[in-house]
Amino acid sequence: MKNLFDKKIFIWFLGLFVLAIELVFIAFNLTNLNVLTYLLCIGFVPAIILFATSLIYSSFANKTKLIKYVLAIVVALVFSAILLTFCELMISTEIVNQIIENSMTSDTTQVSMNTATAGDNIQSVLLYVAFSGVGCFIGTSIYKKKMSKNVSNNANINEYD
Amino acid sequence: MSDGQKNSASEWIEEIIKIVCYISLPLILLFTGTMLSSVIFSGNINTDVNAASDFFQVLVSFSFPMLISLAIIPIAIQVFLQHNNFERLGFVKKPKRWSFIVCVALSAIIVLVTIYLNKKLETEISAMTICIHFLAVAISEEVILRSVIMHEMKNIISNNFLLCIINAIIFAFVYHSSEDFLSNLLVRVPLGFVLSYARLKSNDIYLPIALHWAYNMAVTAIG
């Protein structure tokens, strides 16, 4: 446990903090969103925050691949749980009607939103795991390259010594 | 835990993350591609194929984005980034004789169903459009599920029965998440199992594609 929770773990908490700020911002602006901005705020931006957090953590943390992968999956699950809870608590029928109304750009436009099924929720969880995982893959390879560079530099120094 | 076990555990999790990426990222790409192409070519956002009005719209807004996001890009990643070959992904040069015969027979049935639909349908979309779109659907879904994802799943699951069941569950509940639970459980899980089994038995991707195409056409003809 002591090995797992070192200073670098704060990167994940920073990611969660950024997500919390974004959710507070969304909560205050829910009635101004249209379908596209709603999808961006609820789906895409959190996924990008998660991807960036995972990438930064994996490229800096001096941990084994296994720990990095497990952390990436766990935090992706935490992110999706937070977002599902947020949607459950904040998105009511009135809000959905308002979002649909905001999306009507002309009289001929037809907009509809359906309630998410269990499969949709599984899809959103998988999406967060995928984004976090890709960030972790890229971060781990950056870390590997950094380490091999350090090793070759040290070898050169030893040669001159 | 020994070093060897640590390696295998991390490789196992790495493989699971890869499978999850292959399941969900093409779907996001498909959603974005469908939205963008419908905005570019028809001026408004339409993500429902049933609301499409003509052959060009169906092809450009639905069939092409599907083929690109679910088939071409995942195959390109497999071949060029993961250095996999086409044979292992099911694109064999010489399919088994019985598989070839079944494919030809199914194609003949599809042609007959299309002729039947052409007389029966009174909608704006022709039977030929439906036939071509369903071919694109069958190729896309089979390539991503039975070729790419199944190939990745083989690395961590050795039991063929379990492999088919998990693949069928992904097919039913993730790729058809908008359908109701009962129809997914009673129709698409068994269908996914049959398609996965066909892929394993024939060792090619052509038989599952033909079966999927024929199934979609038959459902349209009956419905």
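In order, the protein sequence lines correspond to chains A and B.
For the record, in the first sequence the residue sitting at position 138 is 154 according to the working numbering, with numbers rising by one throughout.
For the record, in the second sequence the residue sitting at position 8 is 31 according to the working numbering, with numbers rising by one throughout.
Idealized CB from N, CA, C, for every residue including glycine.
Here DSSP, grouped into helix, strand and coil, assigns serine 119 (chain A) to helix.
Neighbourhood of tyrosine 85 (chain A) in chain B, by CB distance below 7 Å: Ser33, Ile36, Glu37, Ile40, in chain order.
Going by DSSP, glutamine 101 (chain B) is part of no alpha helix (DSSP H) at all; its letter is neither H nor E. Judged by DSSP in its simplified three-state form, isoleucine 180 (chain B) adopts coil rather than helix or strand.
Residue-level contact check: leucine 142 (chain A) touches chain B, since one or more beta carbons of chain B fall below 7 Å from its beta carbon. One thing to note: glycine 215 (chain B) has its Cβ no nearer than 7 Å to the Cβ of serine 170 (chain B).
Interface annotation for the stretch 91-110 of chain B against chain A: empty, criterion Cβ-Cβ distance under 8 Å. Counting along the chain, the unbroken alpha helix (DSSP H) around lysine 81 (chain A) starts and ends at 81-106. The contact set of serine 163 (chain B) on chain A, defined by CB atoms closer than 9 Å, is empty, because the minimum CB distance reaches about 17 Å. For aspartate 22 (chain A), no Cβ of chain B is located within less than 7 Å of the residue's own Cβ.
The criterion of a C-beta distance shorter than 7 Å is satisfied by leucine 218 (chain B) and proline 231 (chain B). Taking a Cβ-Cβ threshold of 8 Å, the residues of chain A close to isoleucine 46 (chain B) are Leu142, Ala146, in chain order. Per DSSP, reduced to three states, the secondary structure at arginine 211 (chain B) is helical. The stretch 142-153 of chain A and the stretch 32-45 of chain B touch, with three or more beta-carbon pairs separated by less than 8 Å. In the structure shown, isoleucine 148 (chain B) adopts coil according to DSSP, grouped into three states. Around the Cβ of isoleucine 63 (chain B), a 10 Å sphere holds fewer than 16 other Cβ atoms; the residue is exposed. The C-beta of glutamine 101 (chain B) has 16 or more other C-beta atoms within 10 Å across all chains shown, which makes the residue buried.
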